[in-house]
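Taking it in order: structure first as structure tokens, then the write-up.
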Amino acid sequence: MRFINEYRRVADWRISQSLVVTVILAGCGVAQVSPQGDAINATSTPTGIRSSVPGAVNDSKPDPKDNPGGDASIRLGVGDLIELSVYDVPELNTKTRVSDSGDIYLPLVSYVHVDGLTINDAARAIEKRLDQGGFIRNPHVQIFVDESTSNTASVLGEVTRPGVYPVVGEQTLFSVISAAGGLSDRAGKSITITRRGHPDKPVSVTITHNLEDHPESNVAVFAGDTIMVRRADVIYVVGEVGHPSGFLMNNNNRLTVLQAIALAGGTAQYAKLNEVRILRKGPEGVSEVPVPLKKILQAKADDVPLQPEDILFVPTSARKMLTGKTTEAVMQMATAASIVAIRP
Numbered sequence: 046m047r048f049i050n051e052y053r054r055v056a057d058w059r060i061s062q063s064l065v066v067t068v069i070l071a072g073c074g075v076a077q078v079s080p081q082g083d084a085i086n087a088t089s090t091p092t093g094i095r096s097s098v099p100g101a102v103n104d105s106k107p108d109p110k111d112n113p114g115g116d117a118s119i120r121l122g123v124g125d126l127i128e129l130s131v132y133d134v135p136e137l138n139t140k141t142r143v144s145d146s147g148d149i150y151l152p153l154v155s156y157v158h159v160d161g162l163t164i165n166d167a168a169r170a171i172e173k174r175l176d177q178g179g180f181i182r183n184p185h186v187q188i189f190v191d192e193s194t195s196n197t198a199s200v201l202g203e204v205t206r207p208g209v210y211p212v213v214g215e216q217t218l219f220s221v222i223s224a225a226g227g228l229s230d231r232a233g234k235s236i237t238i239t240r241r242g243h244p245d246k247p248v249s250v251t252i253t254h255n256l257e258d259h260p261e262s263n264v265a266v267f268a269g270d271t272i273m274v275r276r277a278d279v280i281y282v283v284g285e286v287g288h289p290s291g292f293l294m295n296n297n298n299r300l301t302v303l304q305a306i307a308l309a310g311g312t313a314q315y316a317k318l319n320e321v322r323i324l325r326k327g328p329e330g331v332s333e334v335p336v337p338l339k340k341i342l343q344a345k346a347d348d349v350p351l352q353p354e355d356i357l358f359v360p361t362s363a364r365k366m367l368t369g370k371t372t373e374a375v376m377q378m379a380t381a382a383s384i385v386a387i388r389p
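To convert a position in the sequence shown, counted from 1, into the working numbering, add 45.
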């Protein structure tokens, strides 16, 4: 009886070992060598990839929609540096830059036009060339963008940090301006957006320094856009006033002489109110516009509206009428004046 039990234990061990060997052999695929000249089959099991289930054959292929190179909505453009890989064919992996003509050069298939295509569309175009050319059956191509010069927007003008900023996925005007550090103190209310595809149809947007006040102005921004933040118009008040300064015309671009005088701290003690002048730049040079400030203060004359870049000069009682030399001196005073933003 003892002998029979020992025999059964040995038999059971041999049977279990046979099953293990059978499972291992079932899990080992035998590579088939294709006849010379046949295309490579990219659906074969990649070397070095193991299944998580023992004995199973891993014949899976990456999902064509799964492209880890970035957002599928990104479009390639001139100057972009891309890294291209062909599944299970490392010999074709390469880096290339999109040429000025919008093409990339690849082994076997030569030039492929990719300008304006999304990452996935470009990959599918290359796969089609590889398949139709008889080079690779059922190829799978992945594209990674290493450097993107086309998926950017230029932010210029009155922002804290003018420059070029990436536009990936859905971007809005306010988010791009925020990336540029926000509006500068001299920013006006007007922003112009020039689209790459429609340079002759710029988009004008009206804003204030508090961007949240105008949610309707938070328009979409696309790759290739140029955003120009206009500088607010400026008027200058110099001479015999409390605080000679330049003032940004942010109040609907309307400012009068009395308003400007008030912003400058009023007139000084020795101001000559009957000889106040506006120096105004025109196509023929600088002209002088007399301002009856004394009568305006007495409500005997209408207030005078100012125009962008006007220089309102209040002389002292000892000054003579403005001459050409004095005009130049006044303009220098305006240039040296500090700029003050007028918040609406």
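By construction, the Cβ of each residue, glycine as well, lies at the ideal position given by its N, Cα and C atoms.
Same chain, Cβ closer than 7 Å to residue i, five either side skipped, listed in chain order
i: residue 348; result: 301, 302, 303, 341
i: residue 202; result: 273, 274, 275, 276
i: residue 319; result: 339
i: residue 235; result: 249, 251, 275
i: residue 228; result: 203, 204, 222, 254, 274
i: residue 174; result: 154, 157
Distance, residue j Cα to residue i Cα
i: residue 350; j: residue 292; result: 14 Å
i: residue 146; j: residue 153; result: 20 Å
i: residue 176; j: residue 166; result: 15 Å
i: residue 241; j: residue 255; result: 28 Å
i: residue 158; j: residue 179; result: 20 Å
i: residue 344; j: residue 327; result: 29 Å
i: residue 261; j: residue 215; result: 16 Å
i: residue 141; j: residue 132; result: 17 Å
i: residue 288; j: residue 144; result: 57 Å
i: residue 151; j: residue 246; result: 37 Å
i: residue 269; j: residue 294; result: 31 Å
Beta-carbon spacing of residue i, residue j below 7 Å
i: residue 207; j: residue 200; result: yes
i: residue 263; j: residue 217; result: yes
i: residue 237; j: residue 249; result: yes
i: residue 252; j: residue 243; result: no
i: residue 168; j: residue 149; result: no
i: residue 355; j: residue 325; result: yes
i: residue 280; j: residue 190; result: no
i: residue 346; j: residue 335; result: no
i: residue 160; j: residue 124; result: no
i: residue 331; j: residue 266; result: no
Own chain partners of residue i with C-beta closer than 8 Å, once the 5 adjacent residues on each side are dropped
i: residue 286; result: 306, 309, 310, 311, 312, 313, 316, 359
i: residue 225; result: 200, 204, 205, 206, 207, 208, 210
i: residue 232; result: 202, 203, 204, 254, 274, 275, 276, 277
i: residue 82; result: Annotation note: pLDDT 43 at residue 82 (below 50); position unreliable, no value reported.
Rounded distance between the beta-carbons of residue j and residue i, thought under 8 Å
i: residue 193; j: residue 211; result: 7 Å
i: residue 333; j: residue 322; result: 5 Å
Spatial neighbours of residue i in its chain, beta-carbon cut-off 6 Å, leaving aside the 5 residues before and after
i: residue 130; result: 138, 187
- [ ] Ignoring anything shorter than 4 residues or poking outside the segment 183-255, list the alpha helix (DSSP H) runs there in chain order.
- [x] Restricted to the segment 183-255, the alpha helix (DSSP H) segments that are unbroken, complete and at least 4 residues in length are 218-224, listed in chain order.
Open item on the list: Suppose only complete runs of 3+ residues qualify. What are the beta strand (DSSP E) ranges in the segment 258-286, listed by chain order?
Closed with: Given a length threshold of 3 residues, each whole run of the beta strand (DSSP E) inside the segment 258-286 is given here in chain order: 271-276, 279-284.
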